[in-house]
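Peer 1: So that we are looking at the same thing, I have put the structure below in C-alpha cells.
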Amino acid sequence: MKHTADDLASFDPTDDALVLTAVGSAAEWDLLNDWLAHQRKQHPDTRLEVLRLPTEGEPSPGTLARLVELLSADDSRSVVPVRVFWVPAGLPTRSKIVSLISGRDRYRPPELLQRRILRKDPLRARVVAGEPATVGQLRQQWKDTTTAENPREFARFVLRRAQLAIERVELRLLGPEYKSPRLVKPEVLASARFRDGLEKIPGATVEKAGEMLDELSTGWSRFSVDFIPKVGRAIFSRGFDPNVDYDREQVEAMRHSLELHPAVLLFSHRSYLDGVIVPVAMQENRLPPVHTFAGINLAFGLMGPIFRHSGVIFIRRNIAGDPLYKYVLKEYVGYIVEKRFNLNWSIEGTRSRTGKMLPPKLGLLAYVADAYLDGRSEDILLQPVSISFDQLHETAEYAAYARGGEKTPEGLSWLYHYIKAQGDRNFGKIYVRFPEAVSMREQLGPPDGAVSTDPAVKRLALQKMAFEVAWRILRATPVNATALVSALLLTTRGLALTLDQLHHTLQDALDYLERKQIPMTNSVLRLRTAEGVQAALDAMSGGHPVTAVNTGRQPVWYIASQDEHEAAFYRNTTIDAFLETAIVELAMAHAAKAESDPVEAFWSQVMRLRDLLKFEFYFADSARFREHIVEEMSWQANCEQQLAEGGEAIYAMLRAKRPIIAGAMLRPFLEAYELVADVLRGTLPEISEKELTKRALGVGRQYVAQGRIRSNESVSALLFTTARQVVADQKLLEAAPDLEERRTAFLAELRSILADLATVDSIGWIKFDVRELQRRKSKKAVEAE
C-alpha cells in the first residue's frame, strides 16, 4: 500500500543513521516503509538501520539491550526519531472520554479504522521526523545532566530525547495551545541536580520522591486541549453569556510575551469557575495551555484523573513538616519553567468570599523565584489575570460563611449541585483581562545579585513583586453595574429608591470613574440612561440581591436585610476604584473638627486610615499614595485654602464634593473593627480567633437589633478575620500592664472615625432628596441648551 509521507523535519543524517520509530499498526508500518524508501532514495550513501519501539510504555528488556548495542557502535552515528502523526479529526465521543480518563489519547484513530481512513483521505496521516543528533552529542548531554553511568540508563535517556524531539515537530503542526510537558518524572529523577539535593534530605529516597512526582504529575493530552475547554464552556454557559469579554490588545501583547519567556499566570479568585475560565481563554485565543495548581481536596473520584490530564497539578495543603515534599515540589516547579511551560494559580491562594482581593500568597511564587535565581530561565513573566463576573451564584454560599456557616466539602455530589446551580438564571457576562506582565528579572535583578544571597532582601522583593501583580489586576478589573447599584442601595439602610433617584444619583459615580479613567463594562456605560439602570435592576431583582416593589404608584427597589451580605460581595469588587476618595472624605470630616492645624490633621488622618485599612485593601506605596490624595483634592476648587481655613470651609467642600462615597464603601469594615475592639474589652490577651469571632457575631447581632450597628453586613465572620489582624497589628492581643487602657483608646478612636463617617453620610443623604434631583435635572437641561 502506498501513501504520501511528509518529511516534516530537516533530515540530514551522517553516513550511518539509526531510526527510532514507534509504530503500532500494519497501516502505520506501511507508511514508515514508504518514508524509509524515500529517504534511501534521497540519501543513497546513508546506511539506515531501524529499531521499532512500543507505542506505549517501556521497551522490553530485549529491545533496550538492542538499543544499547546500536548506540555503542559509533559516536558519529545519527539518531533520528520518526513517528506517524495523525491529523486531528473526529473520533467517537465515547472513545475520546475513555482516552481522556486513561491519559493515553494521542490523536490516533483505532487500528481497525486506519486503513479505511487512509483510503478516503491519505493526507490524514503523515510521517514526521525529529531533528537528528549524533550519539556523541547525546552522550555528552547525558553526562552533563545526570549522574548515571549504566549504558541502559543512557539508552533510556536517548529514548526520552527522541520522544521530546518528535513532540516539538508535532507541535509545529498542532499549534502552541497543545504544548505540554512530557516525561517529567524520568527527567527529574535522572537529573544530577535533583539527586544532589535529594542526598541532603534525611531519610529521602528516590522511590519516595518518585511517588510524590506521580502525585504531582500532570499534562494536557491533545484531546483534553480540545475537550476540557468545551466542557468548561458548557458549564459556565449554563448561566453566563458564552462569549467571554476580552481586551484584544491585551491578548495580543500577552501572546508576544509568551513567545519570549515562560510565564506564571496569576489570577484573581472569586469563583470555582476561575480554574475553568483560564484554560478556555487560552485555548480559544490559541495561546499555550497553562498548568494549574489546585488543592488535592479537588482530586476526588473520577475527577482526579480527568483534571490531571487537563493540566491540573494537585498539591497537598499542609507541607510545612515535610522537607522531602517541599523539595520535590520546588524541583517540579523549576523543571516546568526551565522547559518553558506556563503555570497558573490564584495569587490570593483561595477564593475571596468578600469580593475584594485577598493578600497575595508567596509560597509557590518563591519556588518560581528560586528557579529564576538558579539560572534555569533568563526571565520569568508574572502575568496578571483579572477575572470578574456580573453576578455569581456562589454569593449565597459566601453570605452563609459571613454569618458563621461552615464550608461544604467537595465531592461528586457537591460538583453536581454546583453545575446545576449554574443554570438557575442568567448571571450576565464574564470579563477576562490580561494587563502588562511583571518581569521577574526587572523585579529581582540578575540571578547573582543581592536577592539570591540575602533571605530578608529576597522576601521583601517577593512581597513587592506580588503586590505589583495584584495592583495591576485591580487596575485592570472593570467596574460593573451590579457593583455600583449594590453600593448605592446599601447606603440607604433598607429604604427603597425610585428609578429616578437611582439614575440621577449614579451619575456622580460615573463622572468620577470617567475622570479617573477606571475601566468600566458596557453595563456601567448604559447606566447613563434610565433604560440602562432599569436593565441592571431587572437583572438584580428577585433577591439577587435587589427586591422590587411594583404594587404602588411607581416601582421602587431596595436591598432586604437578608440580602445585604450578597450585595456587599458585589459592592466590595469595586471599592478599590473609590478607596482614595472615600479616605479623603473621612479625613476632611476629621480635619473640620480639629482644634489646631487642620491641614496637619487632614494628612495625619489620611495616613492613619491607610494604616488601619492596609489588611483590607491594596495601597500604592506611601509616596505614590500621597500623590493620589493630592490629585483627589485638586478636583475641588480652592481646596488648599478651604482646608487651611478648617471648620465650616471644609464642610462646604464636603457638601460640594461629588460623589460622597465613604459610607457606601468603608462603613462595614470600620464597624466590624469597632465590634471586635468592643468585644476585646475585659478579655484575656490570648483570646483565640474562633472565640473572638463567636463573641463578635453575638454582640453584633445584638447591636443590629438595637440600631447601634447600621448594617447586617458589618456582622460578618469574614470581616472579623481581618479585624483580628488589625487589633493584633495594634498589639492589642499581647499581655502588657496598659493593655486595657490601649484597648479602650483604640475603641474610642474607631468610634470617632465612625462619627466622622456619620457626618459624611448626613451630607451625602442630600443626593436622594427629590428637590436636589429636580435642581440637578434643571441644571443639566440648561447646560445641554
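The sequence shown maps to residues 1 to 785 in full-length UniProt numbering. Glycine included, C-beta positions come from ideal geometry on N, C-alpha and C. Remember, predicted model here, so these are calculated numbers, not experimental data.
Counting only runs that start and end within the segment 56-96, where is the beta strand (DSSP E) found for 3 or more residues in a row?
Peer 2: Those beta strand (DSSP E) runs which fall completely within the segment 56-96 and span 3+ residues are 78-86.
Peer 1: May I ask you to report which of helix, strand or coil DSSP gives W557?
Peer 2: Counted from its first residue, the sequence shown places residue 557 at position 557. Assigned with DSSP and collapsed to three states, W557 falls in strand.
Peer 1: Give me the residue from R658, L612, S439, S622 with the minimum Cα distance to S634.
Peer 2: Locating residue 634 in the sequence shown gives position 634, counting from the first residue. Of the candidates R658, L612, S439, S622, the one whose C-alpha sits nearest the C-alpha of S634 is R658.
Peer 1: When DSSP builds the beta bridges, which residues end up paired with residue 796?
Peer 2: As shown, the chain starts at 1 and ends at 785. That puts residue 796 outside it, with no answer to give.
Peer 1: Report the three-state DSSP secondary structure of V231 (helix, strand or coil).
Peer 2: For the purposes of this step, residue 231 is taken as the residue at position 231 of the sequence shown. Helix, per DSSP.
Peer 1: Mind the definition here: the segment 640-656 touches the segment 583-598 only if three or more C-beta pairs lie below 8 Å; say whether that holds.
Peer 2: yes
Peer 1: Can you tell me the Cα-Cα spacing of A399 and G532, whole angstroms?
Peer 2: Looking up residue 399 in the sequence shown gives position 399. Looking up residue 532 in the sequence shown gives position 532. Rounded to whole angstroms, the gap between the alpha carbons of A399 and G532 is 28 Å.
Peer 1: According to DSSP, is residue 786 helix, strand or coil?
Peer 2: What is shown of the chain runs 1 to 785, which leaves residue 786 out entirely.
Peer 1: Is the Cβ-Cβ distance between V524 and N572 less than 8 Å?
Peer 2: Taking the first residue of the sequence shown as position 1, residue 524 is located at position 524. Taking the first residue of the sequence shown as position 1, residue 572 is located at position 572. The answer is no: Cβ separation not under 8 Å.
Peer 1: Among A466, N426, R743, N297, whose alpha-carbon lies nearest the alpha-carbon of W414?
Peer 2: Along the sequence shown, read from residue 1 onward, the residue named residue 414 stands at position 414. The option with the nearest alpha carbon to W414 is N297.
Peer 1: Give me whichever residues DSSP pairs with residue 790 in a beta bridge.
Peer 2: Given a span of 1 to 785 for the chain in the structure shown, any question on residue 790 remains unanswerable.
Peer 1: DSSP three-state label for F267, please.
Peer 2: Reading the sequence shown from its first residue, position 267 is the one you call residue 267. In the structure shown, F267 sits in a strand (DSSP, three-state: E or B).
Peer 1: With C-beta atoms as the reference, is Q250 less than 8 Å away from P435?
Peer 2: Against the sequence shown, residue 250 aligns to sequence position 250. Against the sequence shown, residue 435 aligns to sequence position 435. Yes, they are a contact pair.
Peer 1: Measuring CB to CB, does R695 end up less than 8 Å from V679?
Peer 2: Here residue 695 corresponds to residue number 695 of the sequence shown, with the count starting at 1. Here residue 679 corresponds to residue number 679 of the sequence shown, with the count starting at 1. In this structure, V679 lies closer than 8 Å to R695 by Cβ.
Peer 1: Counting C-beta neighbours from all protein chains within 10 Å, is the total for Y416 16 or more, i.e. buried, or is it exposed?
Peer 2: For the purposes of this step, residue 416 is identified with residue 416 of the sequence shown, where counting begins at 1. With fewer than 16 Cβ atoms within 10 Å of its Cβ, Y416 is classed as exposed.
Peer 1: Are at least three pairs of beta-carbons, each pair with one atom in the segment 383-398 and one in the segment 420-433, less than 8 Å apart?
Peer 2: yes
Peer 1: Could you tell me which of L757, T498, G405, F615 sits nearest to F467, measuring between CA atoms?
Peer 2: Counting from 1 along the sequence shown, the entry for residue 467 is found at position 467. Ranking L757, T498, G405, F615 by Cα distance to F467 puts F615 first.
Peer 1: Considering only their Cβ atoms, is the gap separating L484 from L537 smaller than 8 Å?
Peer 2: Start at 1 with the first residue of the sequence shown, and residue 537 comes out as number 537. Start at 1 with the first residue of the sequence shown, and residue 484 comes out as number 484. No, they are not a contact pair.
Peer 1: Give the single residue among D611, Y703, E640, E58 whose Cα lies nearest to the Cα of A591.
Peer 2: On the sequence shown, position 591 is the one that residue 591 refers to. Among D611, Y703, E640, E58, the Cα nearest to that of A591 belongs to E640.
Peer 1: Within a Cβ cutoff of 8 Å, which residues of the same chain sit near V469, ignoring the five residues on either side of it in sequence?
Peer 2: On the sequence shown, position 469 is the one that residue 469 refers to. The residues are L266, I347, P360, L382, P384, V438.
Peer 1: When burial is assigned at 16 or more other CB atoms within 10 Å of the CB, is T205 buried or exposed?
Peer 2: Taking the first residue of the sequence shown as position 1, residue 205 is located at position 205. By the 10 Å Cβ count, T205 comes out exposed.
Peer 1: Check the C-beta distance from I235 over to V276 and give it rounded, since I have them as a contact under 8 Å.
Peer 2: If you number the sequence shown from 1, residue 235 lands on position 235. If you number the sequence shown from 1, residue 276 lands on position 276. Their Cβ separation, rounded to whole angstroms, is 6 Å, which keeps I235 and V276 in contact under 8 Å.
Peer 1: Measuring alpha carbon to alpha carbon, tell me which residue in G239, A281, P288, K230 is nearest L258.
Peer 2: Mapped onto the sequence shown, residue 258 falls at position 258. It is P288.
Peer 1: By Cβ distance, which residues of its chain are closer than 8 Å to Q137, with the 5 residues on each side in sequence left out?
Peer 2: Here the question's residue 137 lines up with position 137 in the sequence shown. Taking C-beta separations shorter than 8 Å and ignoring five residues to either side along the sequence, Q137 has no partners in its chain.
Peer 1: Return the residue from the list I306, D247, V699, K143 that minimises the CA-CA distance to A672.
Peer 2: On the sequence shown, position 672 is the one that residue 672 refers to. Per the Cα distances, V699.
Peer 1: Alpha carbon to alpha carbon, what distance is there between R172 and D121?
Peer 2: Along the sequence shown, one-based indexing puts residue 121 at 121. Along the sequence shown, one-based indexing puts residue 172 at 172. Roughly 21 Å between the two C-alpha positions.
Peer 1: Taking a contact to mean a Cβ-Cβ separation below 8 Å, would you say L757 touches L670 in this structure?
Peer 2: Position 757 of the sequence shown holds residue 757. Position 670 of the sequence shown holds residue 670. Contact annotation: L757 and L670 have beta-carbon atoms nearer than 8 Å.
Peer 1: Kindly provide the ranges of any alpha helix (DSSP H) runs that are 4 or more residues long and lie completely inside the segment 594-641, ordered along the chain.
Peer 2: As far as the segment 594-641 is concerned, its whole alpha helix (DSSP H) runs of at least 4 residues are 598-612, 622-634.
Peer 1: Name the one or two DSSP bridge partners that L460 has.
Peer 2: Numbered from 1 along the sequence shown, position 460 holds the residue referred to as residue 460. Partner(s): none; L460 has no beta bridge.
Peer 1: With distances taken between CB atoms, is the gap from R610 to E674 smaller than 8 Å?
Peer 2: Mapped onto the sequence shown, residue 610 falls at position 610. Mapped onto the sequence shown, residue 674 falls at position 674. Not in contact: R610 and E674 (Cβ atoms no closer than 8 Å).
Peer 1: Specify whether the segment 152-161 and the segment 54-66 touch according to this definition: at least 3 beta carbon pairs, one from each stretch, less than 8 Å apart.
Peer 2: yes
Peer 1: Could you spell out the range, first to last residue, of the alpha helix (DSSP H) harbouring Y272?
Peer 2: Taking the sequence shown and counting its residues from 1, one reaches residue 272 at position 272. Careful: Y272 lies outside any alpha helix (DSSP H) and carries neither H nor E.
Peer 1: Who pairs with G428 in a beta bridge, going by DSSP?
Peer 2: The residue given as residue 428 occupies position 428 in the sequence shown. For G428, the pairing in a beta bridge is given by DSSP as F240.
Peer 1: How about T482 and M540: do their beta carbons lie closer than 8 Å?
Peer 2: Walking along the sequence shown from the start, residue 482 turns up at place 482. Walking along the sequence shown from the start, residue 540 turns up at place 540. For T482 and M540, yes; Cβs fall inside 8 Å.
Peer 1: Which of the three DSSP states is assigned to I709 in this structure?
Peer 2: In the sequence shown, the residue the question calls residue 709 occupies position 709. Three-state DSSP puts I709 in coil, outside helix and strand.
Peer 1: Beta carbon of V82, beta carbon of L32: below 8 Å?
Peer 2: Within the sequence shown, numbered from 1, the residue matching residue 82 stands at position 82. Within the sequence shown, numbered from 1, the residue matching residue 32 stands at position 32. Cβ atoms of V82 and L32: closer than 8 Å.
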